[in-house]
Amino acid sequence: MKQAKRDYLFRYADEMGGVIRSTFMQCPEDAVAVERARSIMQDRYASLEVFDGERVVHTECKSGAA
1 MKQAKRDYLF RYADEMGGVI RSTFMQCPED AVAVERARSI MQDRYASLEV FDGERVVHTE
61 CKSGAA
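Structure, rendered in C-alpha coordinates:
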(Lines of atoms letter the chains of each structure in order from A and count residues from 1; the text may use other names and numbers.)
(Lines give C-alpha, C1' and ligand atoms only; values in the text may rest on other atoms or scores of the structure.)
Protein backbone atom coordinates (compact mmCIF):
# COMPACT_ATOMS: atom_id res chain seq x y z
CA MET A 1 0.00 0.00 0.00
CA LYS A 2 1.35 3.42 -0.95
CA GLN A 3 2.22 5.81 1.83
CA ALA A 4 0.38 9.14 1.67
CA LYS A 5 2.58 12.05 0.70
CA ARG A 6 2.79 15.10 2.94
CA ASP A 7 3.58 18.70 2.08
CA TYR A 8 7.01 19.86 3.22
CA LEU A 9 8.50 23.34 3.18
CA PHE A 10 12.23 23.70 2.49
CA ARG A 11 13.69 27.05 3.54
CA TYR A 12 17.24 28.00 2.54
CA ALA A 13 19.15 30.98 3.97
CA ASP A 14 22.42 32.76 3.25
CA GLU A 15 25.25 33.51 5.70
CA MET A 16 23.40 36.56 7.07
CA GLY A 17 20.21 34.57 7.72
CA GLY A 18 18.31 36.03 4.77
CA VAL A 19 15.99 33.58 3.03
CA ILE A 20 17.29 32.88 -0.47
CA ARG A 21 14.69 30.29 -1.47
CA SER A 22 11.60 28.53 -0.14
CA THR A 23 10.19 25.46 -1.84
CA PHE A 24 7.17 23.23 -1.20
CA MET A 25 7.39 19.56 -2.11
CA GLN A 26 5.33 16.45 -1.42
CA CYS A 27 7.33 13.57 0.06
CA PRO A 28 6.35 10.24 1.62
CA GLU A 29 8.45 10.65 4.79
CA ASP A 30 10.83 12.95 6.66
CA ALA A 31 14.07 11.28 5.54
CA VAL A 32 13.12 11.60 1.88
CA ALA A 33 12.19 15.26 2.38
CA VAL A 34 15.58 16.06 3.95
CA GLU A 35 17.51 14.32 1.16
CA ARG A 36 15.49 16.11 -1.54
CA ALA A 37 15.94 19.45 0.23
CA ARG A 38 19.71 18.97 0.29
CA SER A 39 19.88 17.92 -3.35
CA ILE A 40 17.83 20.84 -4.71
CA MET A 41 20.25 23.58 -3.68
CA GLN A 42 23.32 21.38 -3.08
CA ASP A 43 25.97 23.67 -1.55
CA ARG A 44 24.37 27.03 -2.44
CA TYR A 45 22.98 27.74 1.03
CA ALA A 46 24.38 28.43 4.51
CA SER A 47 21.43 26.99 6.44
CA LEU A 48 18.50 24.73 5.70
CA GLU A 49 15.22 24.16 7.54
CA VAL A 50 12.68 21.49 6.62
CA PHE A 51 9.10 21.72 7.94
CA ASP A 52 6.11 19.38 7.87
CA GLY A 53 3.38 21.91 8.58
CA GLU A 54 4.44 23.64 11.79
CA ARG A 55 6.67 20.74 12.86
CA VAL A 56 10.41 21.28 12.35
CA VAL A 57 11.74 18.13 10.73
CA HIS A 58 15.38 19.13 10.21
CA THR A 59 17.73 22.09 10.59
CA GLU A 60 21.35 22.38 9.56
CA CYS A 61 23.99 25.07 9.23
CA LYS A 62 27.10 24.75 7.12
CA SER A 63 30.36 25.45 8.94
CA GLY A 64 31.16 29.14 9.00
CA ALA A 65 27.48 30.08 8.67
CA ALA A 66 25.81 32.49 11.08
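Numbering (this note's numbering), first residue to last: 1 to 66.
Don't be surprised by glycine CBs; every beta carbon is placed ideally from N, CA and C.
Any chain C beta carbon closer than 8 Å to residue i
i     : result
Glu35 : Structure shown: chain C not included; a single protein chain is present.
Terminal residues of the beta strand (DSSP E) in which residue i lies
i     : result
Arg36 : Here Arg36 belongs to no beta strand (DSSP E); instead the alpha helix (DSSP H) covers 30–41.
Asp7  : 6–13
Arg44 : Careful: Arg44 lies outside any beta strand (DSSP E) and carries neither H nor E.
Met25 : 19–27
As assigned by DSSP and simplified to three states, the class of residue i
i     : result
Gln3  : coil
Glu60 : strand
Span separating the alpha-carbon of residue i from that of residue j
i     : j     : result
Glu60 : Ser47 : 6 Å
Under 8 Å between C-beta atoms of residue i and residue j
i     : j     : result
Gln26 : Arg55 : no
Phe24 : Val50 : no
Tyr8  : Asp52 : yes
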